[in-house]
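Quick note: to get our numbering, add 1010 to the position in the sequence shown (first position is 1).
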Amino acid sequence: MTLDPMLATALVLGVAGSAHCIGMCGPIALAVPSPGPGAAARWRSTLLLNSGRLITYLLLGLAIGTFGQGLRLVGLQRTVSIAAGVILLVSVLLPGLLQRFSPTGPLSMAIARLRSALARNLKRTAPETLFLTGILNGLLPCGLLYAALLGASSATTAMGGAVFMLLFGLGTWPALITLRMSGGMIGEKGRAWLRRASPVLVSAVAVLMILRGLELGIPYVSPGPVTTAAGTLECH
């Protein structure tokens, strides 16, 4: 079995984007109280919160992977992969581009309800509520999440999209778990390194997506067109 470079990049993208995660999800992680005294209770609540968020990412990846699989079946995945890669590169050159997406109408109302539900759960510490808080947290609009979903859209199967988002989510765990367990004390040097690394990794994902769409025949990085079994049958 060979390692898909996009999957490896998904994990590193999560790690490199942790500075963004600390800014977006950090306040939520710090606002949820520990269900009891001691490090053990804090560890349990931290793992429940992050596991809920990870489940959301996995399900989103499953959906976007299914979408990508459908695009391949109708011959459009190459175009979408190249377009998504270009969008990611532009977002690096114009920071904040993905965050400027402002949903309106029914989607805006759904996000408002999501935030209200999240706010109601923040002071509750029952295990199922902590897990639900993590699930809701994973649904909040986030530029880094958009970037990861664009990366997952290049998957050729639903499971590929799910694995991509699972690895991305796991990449965000070290920083967010450290933030909650340390009470928010992460050094400025660490945050500065993460801020510098993030655009580099987003650019790497973008380049890989563009190369995937071009199908240049480069092993693992830009495989050539897939020849189906039906296409190799000959009439006799």
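Ideal placement from N, C-alpha and C gives every residue a C-beta, glycine not left out.
The three-state reading of DSSP puts Ser-1163 in coil, since its state is none of H, G, I, E or B. The C-alpha of Pro-1015 is placed about 15 Å away from the C-alpha of Gly-1227. For Ser-1232, the beta-bridge partners assigned by DSSP are Ile-1228. Taken through DSSP and simplified to helix, strand or coil, Val-1084 comes out as coil. In the DSSP assignment, Cys-1031 falls within the unbroken alpha helix (DSSP H) covering 1028-1034. Under the three-state reduction of DSSP, Pro-1047 is assigned to coil, being neither helix nor strand. Distance from the CA atom of Leu-1132 to the CA atom of Ala-1018, rounded to whole angstroms, is 33 Å. The criterion of a C-beta distance shorter than 8 Å is not satisfied by Leu-1140 and Gly-1036. The DSSP-derived three-state label of Leu-1150 is coil. Going by beta carbons, Val-1212 and Leu-1023 fall inside the 8 Å limit. By the criterion of at least three beta-carbon pairs nearer than 8 Å, the stretch 1087-1097 is in contact with the stretch 1204-1222. Gly-1179 and Gly-1062 do not touch by the CB rule: their CB atoms are close to 11 Å apart, not below 8 Å.
Shortest Cα-Cα distance from Phe-1174 to any of Leu-1155, Thr-1188, Arg-1130 involves Leu-1155.
Pairing Ser-1164 with Gly-1085 gives a Cβ-Cβ distance that is not under 8 Å. Straight-line spacing of the CA atoms in Ala-1127 and Leu-1083 works out to 38 Å. Using a Cβ distance threshold of 8 Å, Ala-1172 and Gly-1075 count as a contacting pair. Per DSSP, the unbroken alpha helix (DSSP H) holding Ala-1172 starts and ends at 1168-1191.
Leu-1040 is the residue among Gly-1033, Leu-1040, Ser-1028, His-1030 whose C-alpha sits nearest the C-alpha of Gly-1193.
At least 8 Å separates the beta-carbon of Leu-1204 from that of Ala-1020.
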